[in-house]
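Protein chains: 2
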Amino acid sequence: MRFGIIGTGTVGRTLASKLIALGHEVTLGSRTKDNTSAVSWADQAGPHGHAGTFQDAADFGEVIINATAGTVSLPALQQAGAERLAGKVLIDVSNPLVFSSAGEVSLAPVNTDSVGEQLQRAFPDARVVKALNTLAAPLMVDPGRVPGEHQVFVAGEDVAAKTVVRGVLEQFGWPDAAVIDLGGIDAARGTEMLMPFWLKLMGHFGHTDFNYSIRSAD
Amino acid sequence: MRFGIIGTGTVGRTLASKLIALGHEVTLGSRTKDNTSAVSWADQAGPHGHAGTFQDAADFGEVIINATAGTVSLPALQQAGAERLAGKVLIDVSNPLVFSSAGEVSLAPVNTDSVGEQLQRAFPDARVVKALNTLAAPLMVDPGRVPGEHQVFVAGEDVAAKTVVRGVLEQFGWPDAAVIDLGGIDAARGTEMLMPFWLKLMGHFGHTDFNYSIRSAD
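Residue numbers (the working numbering), protein chains in the order written: chain A, 1 to 218; chain F, 219 to 436.
Structure, rendered in structure tokens:
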């Protein structure tokens, strides 16, 4: 399958490399042509990995992944172009972290809105699925880094799009039973708002190889 | 030990009854004297259970539990009286849920503040520990309702106070290994912000007998 990844940070490159390893074809898109990290990624990715602009990535992908910082996802995807997203599954992996000059972390949007909802509103013809924003990049594509059963979450309005995303997650190593469907895209508020808790857990463990396992009575 | 519980809702009454069953003495405090739910709770609680005002409960307790709605916790504890909280462990179990007329749920405070921090700022001589706000009342005092290992979290500035709270949690059925210390009281932001996610999980499971298990690589 052809994937267009918007954003060339750790998350974007990690997902891109995994998709290549799985036999998919990827264009890693950056704000400007000739972005160093996109070009150097493509150089080592082999014939199925390409670098380009946000527009190039959105044009290329049958499935689009938003791997930009959540605070700038909306303008990034506007630059990619609504017409290039229309009808496509858009996996939103972002979290809208704001770092204050005092080193404090908060979220924007938060509480009564989320990046997932912003994107679905701005691009009503895209099929937005919030996913994979609840764990560190290496773990997204290698669940075995954490022992035992643990889970990832999907949220979105389009049931068929969530099925597509479940298929991608399964290829990443997340079996169907490890994927919890939280419902509509407004559930993105909940998963984005996990971030402050996640950061405290990172402080507690001293690393990012941890994840949520939701235990339930039958 | 003597506990003063501020708030007579499900959480307050559930904790009060468990504490009585464990052999402790409890005053369940309400805004007004002769609150029906406090009085009827005390009637069936036996000789160690008492009903009273917020002030009575705060006077009575060696340990105070804030079980009011997070949106009104500050005025409730101001009514209880700062002088009655000074030097005492104050376990803050609250979540600041706001229900809109459209049925939408949000939090206030949120993101750059939390009820836990509000209380610690307002009552600097109280030893605030955020705890037990991440799960349903029946599960707080009966972890076995959910099979397997799962966890609760503490956050606060006073290490000795957190040790006291760990002792209470252990009596509730949470062994030391099931309690994760998230650090200072600002970590209350993170646990309070779990609520939107928790509500979506409740929708997914159709009940409240579920909890977080944080799985980590060694």
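Each residue gets a CB set at the ideal place from its N, CA and C atoms; glycine is no exception.
Remember, it's a predicted structure, so these values are computed and weren't measured experimentally.
key: Extent of the continuous beta strand (DSSP E) run through Asp92/A   = Against the first sequence, residue 92/A aligns to sequence position 92. In the DSSP annotation of this structure, the continuous segment of the beta strand (DSSP E) that includes Asp92/A starts and ends at 89-92.
inquiry  = So Val154/A contacts chain F; which residues on that side make the cut at Cβ distance below 9 Å?
reply    = Numbered from its first residue, the first sequence carries residue 154/A at position 154. Correct list: empty, because the minimum Cβ distance to chain F is about 11 Å.
ask   = Quick check: the segment 352-372 of chain F against the segment 391-405 of chain F, are there 3 or more CB pairs under 8 Å?
value = Three or more Cβ pairs closer than 8 Å define a contact, and the segment 352-372 of chain F meets that threshold against the segment 391-405 of chain F.
request  = Starting from Val257/F, follow the beta strand (DSSP E) in both directions and report where the run begins and ends.
outcome  = As a working mapping, residue 257/F is identified with position 39 in the second sequence. Where Val257/F is concerned, there is no enclosing beta strand (DSSP E), although the alpha helix (DSSP H) it sits in stretches over 254-263.
task = Determine whether the Cβ of Lys162/A lies closer than 8 Å to any Cβ atom of chain F.
result = Here residue 162/A refers to the residue found at position 162 of the first sequence. Lys162/A does not count as touching chain F.
query = Is there a Cβ from chain A that is less than 8 Å from the Cβ of Pro314/F?
reply = What you label residue 314/F is simply residue 96 of the second sequence in a count that begins at 1. For Pro314/F, no CB of chain A lies under 8 Å from its own CB, so it is not counted at the interface with that chain.
Delimiting residues of the beta strand (DSSP E) encompassing Phe3/A = Within the first sequence, numbered from 1, the residue matching residue 3/A stands at position 3. Unbroken beta strand (DSSP E) run through Phe3/A: 2-6.
Where Arg13/A falls: helix, strand or coil (DSSP) = One-based indexing of the first sequence puts residue 13/A at position 13. For Arg13/A, the three-state secondary structure derived from DSSP is helix.
request  = Figure out for me which residue from Gln151/A, Pro147/A, Val165/A has the closest Cα to the Cα of Ser434/F.
outcome  = On the second sequence, residue 434/F is found 216 positions in, with the first residue counted as 1. For the residues Gln151/A, Pro147/A, Val165/A, the minimum Cα distance to Ser434/F belongs to Pro147/A.
ask   = With a Cβ-Cβ cutoff of 8 Å, do Ala344/F and Ala304/F count as a contact?
value = Counting from 1 along the second sequence, the entry for residue 344/F is found at position 126. Counting from 1 along the second sequence, the entry for residue 304/F is found at position 86. A contact, by the Cβ cut-off of 8 Å.
task = Round the Cβ separation of Thr112/A and Ser319/F to the nearest angstrom and send it over; I've been treating them as touching at under 8 Å.
result = Start at 1 with the first residue of the first sequence, and residue 112/A comes out as number 112. Start at 1 with the first residue of the second sequence, and residue 319/F comes out as number 101. No, Thr112/A and Ser319/F are not in contact; Cβ-Cβ is about 14 Å, not under 8 Å.
query = DSSP on Ser216/A, reduced to helix/strand/coil?
reply = Mapped onto the first sequence, residue 216/A falls at position 216. It is a strand residue.
inquiry  = Please tell me whether, using a cut-off of 7 Å, the distance from the CB of Glu104/A to the nearest non-hydrogen atom of the ligand MG is below it.
reply    = Ligands are entirely absent from the displayed structure, and the ligand MG is therefore not among its contents.
Ranges of the beta strand (DSSP E) found wholly within the segment 167-205 of chain A, counting only runs of at least 3 = Within the segment 167-205 of chain A, the complete beta strand (DSSP E) segments at least 3 residues long are 179-181, listed from N- to C-terminus.
request  = Give a yes or no on whether the C-beta atoms belonging to Gly156/A and Ile180/A are separated by under 8 Å.
outcome  = In the first sequence, residue 156/A corresponds to position 156, counting from 1. In the first sequence, residue 180/A corresponds to position 180, counting from 1. No, the Cβ-Cβ distance between Gly156/A and Ile180/A is not below 8 Å.
Alpha-carbon to alpha-carbon, Leu350/F and Ile91/A = For the purposes of this step, residue 91/A is taken as residue 91 along the first sequence, with counting starting at 1. For the purposes of this step, residue 350/F is taken as residue 132 along the second sequence, with counting starting at 1. Each residue's Cα considered, the two are about 33 Å apart.
task = Can you give me the start and stop residues for the alpha helix (DSSP H) that Gly334/F sits inside?
result = The residue you call residue 334/F lines up with position 116 of the second sequence. Counting along the chain, the alpha helix (DSSP H) containing Gly334/F begins and ends at 333-340.
ask   = Taking the continuous beta strand (DSSP E) assigned at Ala275/F, which residues delimit it?
value = Numbered from 1 along the second sequence, position 57 holds the residue referred to as residue 275/F. Unbroken run through Ala275/F is the alpha helix (DSSP H), 272-278; no beta strand (DSSP E).
Amino acids of chain A, ordered along the chain, whose beta-carbon sits closer than 9 Å to that of Thr330/F = Locating residue 330/F in the second sequence gives position 112, where the first residue counts as 1. Those are Ser100, Glu104, Ser106, listed as they occur along chain A.
The segment 30-43 of chain A: positions lying closer than 8 Å to chain F by Cβ = Of all residues in the segment 30-43 of chain A, none comes within less than 8 Å of chain F when Cβ atoms are compared.
query = In its own chain, which residues sit with a C-beta less than 6 Å from the C-beta of Val347/F, not counting the 5 before and 5 after it?
reply = Locating residue 347/F in the second sequence gives position 129, counting from the first residue. Cβ neighbours of Val347/F beyond the five flanking positions: Ile309, Val372, Gly374, Ala379, Lys380, Val383.
key: Short-range partners of chain C found in the segment 8-21 of chain A, where Cβ spacing is below 8 Å   = Absence of chain C from the displayed structure is noted, the protein chains being A and F.
message = Quick check: what's the CA-CA separation for Gly270/F versus Glu192/A?
response = Taking the second sequence and counting its residues from 1, one reaches residue 270/F at position 52. Taking the first sequence and counting its residues from 1, one reaches residue 192/A at position 192. Roughly 41 Å between the two C-alpha positions.
ask   = Do the segment 418-432 of chain F and the segment 222-231 of chain F make contact, defined as three or more Cβ pairs closer than 8 Å?
value = Contact between the segment 418-432 of chain F and the segment 222-231 of chain F is absent: fewer than three C-beta pairs spanning the two stretches fall below 8 Å.
ask   = For Val141/A, which three-state DSSP category applies?
value = On the first sequence, residue 141/A is found 141 positions in, with the first residue counted as 1. If DSSP states are grouped into helix, strand and coil, Val141/A belongs with coil.
task = Return yes when the Cβ of Leu295/F is within less than 8 Å of the Cβ of Ile223/F, no when it is not.
result = Here the question's residue 223/F lines up with position 5 in the second sequence. Here the question's residue 295/F lines up with position 77 in the second sequence. Contact flag unset, no.
inquiry  = For Arg127/A, list the residues DSSP reports as bridge partners.
reply    = Along the first sequence, one-based indexing puts residue 127/A at 127. DSSP, once it has assigned bridges, lists Val89/A as partnering Arg127/A.
key: Test: Thr191/A CB closer than 8 Å to a CB of chain F   = Walking along the first sequence from the start, residue 191/A turns up at place 191. Closer than 8 Å: yes.
task = Would you decide whether Gln120/A is buried or exposed? Buried here means 16 or more other CB atoms lie within 10 Å of its CB.
result = Against the first sequence, residue 120/A aligns to sequence position 120. Buried is the call here.
message = My output table needs one value for Ser100/A: the three-state DSSP class, helix, strand or coil.
response = Position 100 of the first sequence holds residue 100/A. Coil at Ser100/A, not helix or strand.
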